[in-house]
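Novice: Here it is, the structure, as structure tokens.
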Amino acid sequence: MLKGNAVIGQSGGPTAAINATLSGVVLGCKEAGIEKIYGALNGIEGLLEERMCDLRALLKDSKDHKVLEQTPAAALGSCRKKMPVPDKDPETYSKLLEIFKKYNIRYFFYIGGNDSMDTVLKLSTYMNGAGYEMRVMGVPKTIDCDLAETDHTPGYGSAAKYIATTVQEIMRDTAVYTVKAVTIVEIMGRDAGWLTAAASLPALHGNAAPDLVYLPEVYFNFENFYEDLAKAFEKHPNVVVAVSEGVRTEDGRYVGEGTQSGVADVFGHKYLSGTGKALELAVKEKFGCKVRSIELNLPQRCAGHLQSRTDIEESVEIGKAAALHAAAGETGKMACFVRESNSPYKCTIKTADIAKIANEVRSVPRSYINERGNNVTKECLEYISPLIQGELTNVFENGLPKHFVIER
């Protein structure tokens, strides 16, 4: 084992499970005998400014870990900093190396999604030739479930549980009226439709589910959409549609482009929202019926009151495994889930080279989407279902869930 201290950062969009993974990494570091465990406040951005906290001191016992694990969002704070290519900006990496040496940091753990794994790849590449022995490990996080080499990602199960529950409640609400109406539910998902697919989970057990489901993996066609709606109206007056924010037409344009700002983040990703509103206006013009759009927005990723027990327990385990794999000598890797069986559900944890993961997108397989492209298959729902199983008994204080807060 390499002697030295560890630093853990969180990056990208928050989730209901990212802090459970943080808890797991800390537990793994403790088990491995790593003395000092720093938390980088606001990810790599804060690390470059030497803004850190003492996680061993903050997480004194199992009670602290439990509250942290039930707390949504990123307790350490997050960032969306795009790291430069080491050869083009050696000063940034030299500064990081100085900080690592100053605090005797030999282990770097970064909890995040696609863009965060790009940071892990660049940093591990640089450290390999820096003459300073260090372990750099990626730990998965993203509600989008779109990281390569892993069966699923921590945070997805809880987000899927929230989406399925909320859409099921919307179905109950809209079913009380006899007036012809369309309700469009916009769900997160730029390039992968895993979250939107979860809206259909109630159908797996014969419950009410959206009439139509559209994912980014299949081009959106307005004429087909109108035909789909017309057929749905033949069955009942109230039609519910679930749609990914990132659906595009065949020419590559986002369906919601006309209602979006066009602003992009540092990674070149346009800020998406407004797809539901664009479809609402289109349906109103075409059918003239009552129509509303609902954007689930941030609650998809911060609904800590509806966490999946499976998701949270796995999030802790994969964080712990990442730490133990690093302590055993691995670097330039990401901890990944491997599904051994679906019924009964069983997953194990392995590691994969970060070069195979960074900047890749794991899409919903075409076989998981019906031929028409307007819903998902039973096979898809059977894949998702185990990930939302189980509920947690949260710690409450003054009638509200207690959260673990780290001052930044």
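According to my numbering, the sequence shown is numbered sequentially starting from 463.
Cβ coordinates follow ideal geometry from the N, Cα and C atoms, glycine included.
These numbers come from a predicted model, not from an experiment.
1) Just confirm the distance between the C-beta atoms of A622 and I850, as a whole number of angstroms; I'd bet it's less than 8 Å.
2) Looking at the unbroken alpha helix (DSSP H) that takes in Y500, where does it start and where does it end?
3) In angstroms, rounded to a whole number, what distance separates the CA positions of I868 and S578?
4) Do you know offhand how far T483's Cα is from K550's?
5) Can you name, in chain order, every residue of its own chain whose Cβ lies under 6 Å from the Cβ of E507, other than the five neighbours on each side?
6) Is DSSP giving P806 helix, strand or coil here?
7) What is the rounded straight-line gap between the Cα of Y624 and the Cα of I567?
8) Between which residues of its own chain and Y639 is the CB-CB distance below 7 Å, once the five residues before and five after are set aside?
9) What's the call for R828, buried or exposed, on a 16-neighbour Cβ count within 10 Å?
10) With distance defined between alpha-carbon atoms, name the residue in T793, K808, I756, M796 nearest to E775.
11) Are T810 and H787 closer than 8 Å when you measure CB to CB?
12) Buried or exposed: where does K795 fall if 16 or more other Cβ atoms within 10 Å of its Cβ makes it buried?
13) Mind checking whether S586 and L530 have CB atoms under 8 Å apart?
14) So does C809 have its beta carbon nearer than 7 Å to some heavy atom of the ligand NAD?
15) Taking contact to mean at least 3 C-beta pairs separated by less than 8 Å, is the region 836-846 in contact with the region 632-651?
16) Does the Cβ-Cβ distance between E779 and R597 come in under 8 Å?
17) Determine the DSSP secondary structure at N832, reduced to helix, strand or coil.
18) So for P552, helix, strand or coil by DSSP?
19) Can you find the residues in the same chain that come closer than 8 Å, C-beta to C-beta, to T772, ignoring five residues on each side of it along the sequence?
20) Start and end of the beta strand (DSSP E) containing N643?
21) One question on the structure: do G471 and A502 come within less than 8 Å of each other, judged by their Cβ atoms?
22) Identify whether R513 lies in helix, strand or coil by the three-state DSSP scheme.
23) Short check: CB of V487 to CB of V601, under 8 Å?
24) Under the three-state reduction of DSSP, which class applies to G801: helix, strand or coil?
25) Which of the three DSSP states is assigned to L559 in this structure?
Specialist: So, to answer that:
1) 5 Å
2) Unbroken run through Y500 is the beta strand (DSSP E), 499-502; no alpha helix (DSSP H).
3) 21 Å
4) The alpha-carbon separation between T483 and K550 amounts to approximately 32 Å.
5) C541, K543
6) coil
7) 38 Å
8) N700
9) exposed
10) K808
11) no
12) buried
13) no
14) The ligand NAD is not among the ligands present in this structure, which contains no ligands whatsoever.
15) These segments do not touch.
16) No, these two residues do not count as a Cβ contact at 8 Å.
17) coil
18) helix
19) G619, Y807, P848, L849, I850, Q851, G852
20) This sequence places Ala at residue 643; Asn is not what is there. A643 -> beta strand (DSSP E) spans 643-649.
21) yes
22) Reduced to three states, the DSSP call for R513 is coil.
23) yes
24) Here the sequence assigns Arg to residue 801, which means Gly is not the residue at that position. Strand at R801.
25) helix
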